[in-house]
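Its first residue numbered 109, the sequence shown is counted upward by one per residue in our numbering.
Cβ coordinates follow ideal geometry from the N, Cα and C atoms, glycine included.
Presented below is the structure to which this report refers.
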Amino acid sequence: MPATPIATTNPATGETVKTFTAASDAEVDAAITRAANRFVDYRRTDFAQRARWMQAAADLLEAEADEVAAMMTLEMGKTLTSAKAEALKCVKGFRYYADHSAELLADEVADASKVNASKAFARYQPLGVVLAVMPWNFPLWQAVRFAAPALMAGNVGLLKHASNVPQTALYLADLLGRAGFPDGCFQTLLISSGAVERVLRDPRVAAATLTGSEPAGRSVAAIAGDEVKHTVLELGGSDPFIVMPSADLPAAVRTAVTARVQNNGQSCIAAKRFIVHTDIYDDFVTQFVSQMSALRVGDPTDPDTDVGPLATESGRDEVAQQVDAAAAAGAVIRCGGKRLDRPGWFYPPTVITDISRDMAIFTEEVFGPVASVYRAADIDEAIEIANASPFGLGSNAWTRDEAEISRFADEIEAGQVFINGMTVSYPELPFGGIKRSGYGRELSGHGIREFCNLKTVWVA
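Right, here's the structure in full:
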């Protein structure tokens with residue numbers, strides 16, 4: 109198959125706005141050399157200096173948030189409102205790590221007397237050059253939540269971003285340079301996915317992180333395993349959203365709509381499978397379908413638009429095929445379900461019920477504004493349906509019963525459980541999944557420590 113072109117293509121119109129030339133092998137080698145050479149002295153900078161550069165990046169991004177939002181909307185179709193929110197979330201991420209990295213990576217002192225030492229402690233030290241392979245759906249936030257902790261820990265970064273968001277990828281490297289980070293600390297590589305293996309196998313590259321599809325994760329993990337290099341993988345999810353009879357039903361429905369169509373339905377932590385107790389199932393479906401049907405689909409730059417286009421034509425086509433296959437197998441389409449006859453890669457908010465376990469959609473992740481709704485007889489069946497998925501990233505449960513809250517927190521198989529709210533990533537909380545959603549954690553102290561060597565120091 110030919111390599112995916114590196115280009116900005118407006119998903120709202122299908123028009124290719126700007127194309128880019130992929131870096132040559134020599135240019136990639138030069139970038140790795142710059143990174144490796146820079147790491148030698150950058151690792152010796154102190155937290156205070158790194159924090160000054162990181163705060164400068166936050167200040168610049170905050171001032172440029174409107175322009176950056178417009179760029180992200182042009183490249184991948186998210187609404188301008190959500191793009192602005194993403195830019196400001198990145199500002200928060202920069203500032204969190206600028207403010208807290210020193211304490212998050214402080215030496216862990218042991219009881220020296222118990223290990224026959226005068227002094228004993230564990231110290232976190234950077235690994236070196238880290239490769240980040242990032243997706244298009246949150247084009248700035250996904251990259252920042254790697255870059256901020258990696259740089260504050262003393263690592264240097266190479267970013268291989270999705271081929272449809274090259275301007276955002278180049279912007280981040282430029283932003284960090286303008287903020288004061290020395291040349292070579294963070295570089296964007298405009299390369300195809302086929303060129304990733306060569307970079308990852310380079311002995312100067314110490315580790316890698318990937319957010320993306322399961323096949324991409326398998327490939328990177330296999331290469332890194334062969335090279336004995338550390339990886340963090342976040343491979344998407346099919347998150348459950350459970351609603352029990354004691355829940356605040358109007359609030360649950362409102363949140364369910366937002367949780368499903370956020371980012372035009374293209375979020376790994378978007379709620380995708382809605383599991384509703386039989387006692388309130390009919391009321392939930394009626395309200396949910398009504399509110400999903402009322403959403404406005406259109407130009408993502410229009411402030412009145414609720415749902416913009418999907419980011420790629422192939423992504424829109426895959427969503428349509430998944431819905432069509434479910435309908436052909438006997439599922440009921442309650443609203444939406446048909447491609448929109450207009451330019452661009454739009455797909456309407458869609459609700460599907462009466463899904464049986466032999467349908468492909470029961471286990472697939474649908475990466476668009478499509479909600480699957482299931483009826484559960486009791487909490488046992490609700491948890492069983494929630495866990496009957498190969499994925500385990502995020503999850504949501506709505507109940508005011510303390511015993512049910514405890515069971516959901518304990519028994520849902522996921523990296524995150526949000527009770528009476530929508531799954532959201534915060535710099536202060538660890539983010540990641542289990543099962544086929546990947547391994548390792550981003551964000552919080554756990555995220556910054558992923559790409560550190562935990563070195564034991566013992567002094568006689």
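Buried/exposed call for residue i, threshold 16 Cβ in 10 Å
i: N561; result: exposed
i: N118; result: buried
i: D414; result: buried
i: R205; result: This sequence places Tyr at residue 205; Arg is not what is there. Its Cβ being crowded by 16 or more others within 10 Å, Y205 is buried.
i: P451; result: exposed
i: D310; result: buried
i: N245; result: buried
i: Y279; result: buried
i: S497; result: buried
i: A139; result: buried
i: N371; result: buried
i: L318; result: buried
i: R326; result: exposed
i: L578; result: Shown here, the chain extends from 109 to 568; a query on residue 578 therefore has no answer.
i: V397; result: buried
Pair within 8 Å by beta-carbon distance, residue i and residue j
i: A251; j: M242; result: yes
i: V474; j: A228; result: no
i: G416; j: T276; result: no
i: E521; j: V340; result: no
i: V581; j: F516; result: Any answer about residue 581 is impossible in this case: the structure gives the chain only from 109 up to 568.
i: A437; j: M467; result: yes
i: I114; j: A134; result: no
i: A191; j: L169; result: no
Contacting residues, own chain, Cβ-Cβ under 7 Å from residue i (five flanking each side not counted)
i: A165; result: F202, L283, L284 and A287
i: R151; result: P234 and G262
i: A143; result: V237, V264, L266, G292 and Q295
Nonlocal neighbours in the same chain, by C-beta distance under 8 Å from residue i, ignoring five residues either side
i: E472; result: S346 and Q430
i: I493; result: P348, R381, I383, Y482 and A484
i: Q399; result: V361, R362 and V365
i: D207; result: A159
i: T307; result: This sequence places Val at residue 307; Thr is not what is there. Excluding sequence neighbours, V307 sits near V136, I140, L239, L266, K268, L297, I299 and V313.
i: E512; result: M352, S354, I487 and A505
Residues that DSSP places opposite residue i in a beta bridge
i: P234; result: C560
i: A484; result: H385
i: K126; result: T116
i: F539; result: E550
i: R504; result: Position check: residue 504 holds Asn in this sequence, whereas Arg was assumed. Partner(s): F349 and F526.
i: I441; result: I460
i: Q295; result: L266
i: K227; result: V567
i: F499; result: K543
i: A315; result: V238 and H338
i: V478; result: T458
i: E521; result: Partner(s): none; E521 has no beta bridge.
i: E216; result: A230
Close Cβ partners of residue i (< 6 Å) along its chain, the five nearest in sequence each way excluded
i: R158; result: M260
i: T116; result: V125, K126, E183 and Q275
i: P257; result: Y205, G555 and I556
i: K197; result: W249
For the pair the region 233 to 245 and the region 142 to 152, tell me if three or more CB-CB distances fall below 8 Å.
As far as the Cβ criterion goes, the region 233 to 245 touches the region 142 to 152, which means the pair count is three or higher.
Quick one: any contact between the region 205 to 220 and the region 297 to 308, if contact means 3 or more CB pairs under 8 Å?
No, the region 205 to 220 is not in contact with the region 297 to 308.
Do the region 545 to 559 and the region 332 to 348 touch if we need at least three Cβ pairs shorter than 8 Å?
Yes: the two stretches touch, three or more of their Cβ pairs being nearer than 8 Å.
Are the region 355 to 371 and the region 433 to 445 touching by the rule of at least three beta carbon pairs closer than 8 Å?
Counting Cβ pairs under 8 Å, fewer than three are found: no touch.
Is it true that the region 401 to 408 meets the region 446 to 465, where meeting means three or more beta-carbon pairs spaced less than 8 Å apart?
Yes: the two stretches touch, three or more of their Cβ pairs being nearer than 8 Å.
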